[in-house]
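Chemist: Here UniProt numbering is used: position 123 in the sequence shown is 123, and no number is missing along the way. The beta carbon of each residue, even a glycine, is placed where N, CA and C say it ideally should be. Source: prediction; values computed, not measured.
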Amino acid sequence: MSSDPAPTPHATAEQVEAAWHDPKLANVLYHDWEAGTYDEKWSISYDERCIDYAAGRFRAAAPWDGRPYLRALELGSGTGFFLLNLMQAGVAERGVVTDLSPGMVDAATRNAEHLGLEVEGAVVDGEHIPFPDDSFDLVVGHAVLHHIPDVEAAFREVLRVLEPGGRFVFAGEPTTVGDAYARTLGQWTWKATTTLTKLPALRGWRRPQHELDESSRAAALESVVDIHTFDPADLERTATRAGAEGVRASTEEFAAAMLGWPVRTFEAAVPPGKLGWNWAMFAYHGWQRLSWLDEHVLNRVVPRSWFYNALITGTKPR
1 MSSDPAPTPH ATAEQVEAAW HDPKLANVLY HDWEAGTYDE KWSISYDERC
51 IDYAAGRFRA AAPWDGRPYL RALELGSGTG FFLLNLMQAG VAERGVVTDL
101 SPGMVDAATR NAEHLGLEVE GAVVDGEHIP FPDDSFDLVV GHAVLHHIPD
151 VEAAFREVLR VLEPGGRFVF AGEPTTVGDA YARTLGQWTW KATTTLTKLP
201 ALRGWRRPQH ELDESSRAAA LESVVDIHTF DPADLERTAT RAGAEGVRAS
251 TEEFAAAMLG WPVRTFEAAV PPGKLGWNWA MFAYHGWQRL SWLDEHVLNR
301 VVPRSWFYNA LITGTKPR
């Protein structure tokens, strides 16, 4: 939208200080700061690998008969990973990408343009969605609900802008148990990598100190940006209180998260491009195999609240 604010990729000291006491400002500054490197940081692409991943998360959360939704909205789109890949998979025809961060909206609309997708972009607060009632037949989000202060208010807004019978699908939300072990694994990996790469024989694997310091500051700000973790049953009750029907939460990634978080942290601690294609294939195929183990074996014996990712879906009553 033409009235959207400009990105703030380089926050002032005063803005950063204020962000420690304002989660929404923290989200804007943090994600504006990350927008230019976010796809690289999280190995996001818009090819078959991530198209399959996004479509797989959608099918894991919700029933889908293969027909495209006509108009979809994404909350907290970031660089567009979820909706753009869902559109390429045929889940939606047209879309609107939104985020609290102007930098992320810019990145998402650029990605959509490069892909030739019919997408609009807007800076949007998930608690106050600036679209009329019954505007969309699908609302999606990936790793967004845990950034929103009032999740129930966001669900009410999602249901308002959905047409009767319309569906929402949110994926990639951290569970309370999963977040605890993921952060611990990440911290151990970061400490080990940044300590070992001080050794003379391993200095070629060390990022410049100013980049490591910047990553540490970003990680510290995540304590403000990441507001919630979720118990799947509580998340279901929240969506139901907001007025949704047919609400169902599921979870995924237990063994896969035990590999994924150390891998992502290690990648962030070494110079870009240092690991190469073979590493990327090891990480991807390792995640695939452990995800198969999670889906076909561990989800039968491990409580759903122990898995890392929560997914939730429901519909607006007709």
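For L138, which of P132, E118, H147, F168 has the nearest alpha-carbon?
Modeler: For L138, the nearest C-alpha among the options comes from F168.
Chemist: Within a Cβ cutoff of 7 Å, which residues of the same chain sit near R241, ignoring the five residues on either side of it in sequence?
Modeler: Closer than 7 Å at Cβ, skipping near neighbours: E152.
Chemist: Can you tell me the Cα-Cα spacing of V161 and P102, whole angstroms?
Modeler: Each residue's alpha carbon lies about 22 Å from the other.
Chemist: Please list, in chain order, all residues of the same chain as V302 whose beta carbon is under 6 Å from its beta carbon, the five residues on each side excluded.
Modeler: So the list reads F254, once near-sequence residues are dropped.
Chemist: Return the first residue and the last residue of the alpha helix (DSSP H) that H142 is part of.
Modeler: Counting along the chain, H142 falls outside any alpha helix (DSSP H), though it belongs to the beta strand (DSSP E) covering 136-142.
Chemist: For W277, is the classification buried or exposed, using 16 other Cβ atoms within 10 angstroms of its Cβ as the cut-off for buried?
Modeler: So W277 ends up on the exposed side.
Chemist: Return the first residue and the last residue of the beta strand (DSSP E) that S250 is part of.
Modeler: Segment 245-252, the beta strand (DSSP E) holding S250.
Chemist: For T98 versus V91, is the C-beta spacing smaller than 8 Å?
Modeler: Not in contact: T98 and V91 (Cβ atoms no closer than 8 Å).
Chemist: To which residues does DSSP link P174 through a beta bridge?
Modeler: Partner(s): N309.
Chemist: In this structure, does DSSP put E34 in helix, strand or coil?
Modeler: Helix, per DSSP.
Chemist: So, are the CB atoms of W64 and L185 less than 8 Å apart?
Modeler: Not closer than 8 Å, so no.
Chemist: Taking the alpha carbon of H146 as the point to measure from, which residue in G172, F266, D47, R300 has its own alpha carbon closest?
Modeler: Of the listed residues, the one whose Cα sits closest to H146 is G172.
Chemist: Quick one: what's R94 bridged to in DSSP?
Modeler: Partner(s): R71.
Chemist: Considering only the alpha carbon of each residue, which of A249, H210, L221, T315 lies closest to A11?
Modeler: Checking every option, the nearest Cα to that of A11 belongs to L221.
Chemist: Which residues bound the alpha helix (DSSP H) around E120?
Modeler: Not the alpha helix (DSSP H): E120 falls in the beta strand (DSSP E), residues 119-123.
Chemist: Would you decide whether V297 is buried or exposed? Buried here means 16 or more other CB atoms lie within 10 Å of its CB.
Modeler: Exposed, because fewer than 16 other Cβ atoms sit within 10 Å of the Cβ of V297.
Chemist: Hey, out of K274, F266, E252, whose CA is closest to N309's CA?
Modeler: Out of K274, F266, E252, E252 has the C-alpha closest to the C-alpha of N309.
Chemist: Please list, in chain order, all residues of the same chain as T109 whose beta carbon is under 6 Å from its beta carbon, the five residues on each side excluded.
Modeler: Taken in chain order, the residues that qualify are G121.
Chemist: Going by C-alpha to C-alpha distance, which of P232, P174, L73 sits closest to P132?
Modeler: Ranking P232, P174, L73 by Cα distance to P132 puts L73 first.
Chemist: Which of the three DSSP states, helix, strand or coil, is assigned to L162?
Modeler: Three-state DSSP puts L162 in a strand.
Chemist: Can you tell me which residues form a DSSP beta bridge with R167?
Modeler: BP columns for R167 point to L138, T315.
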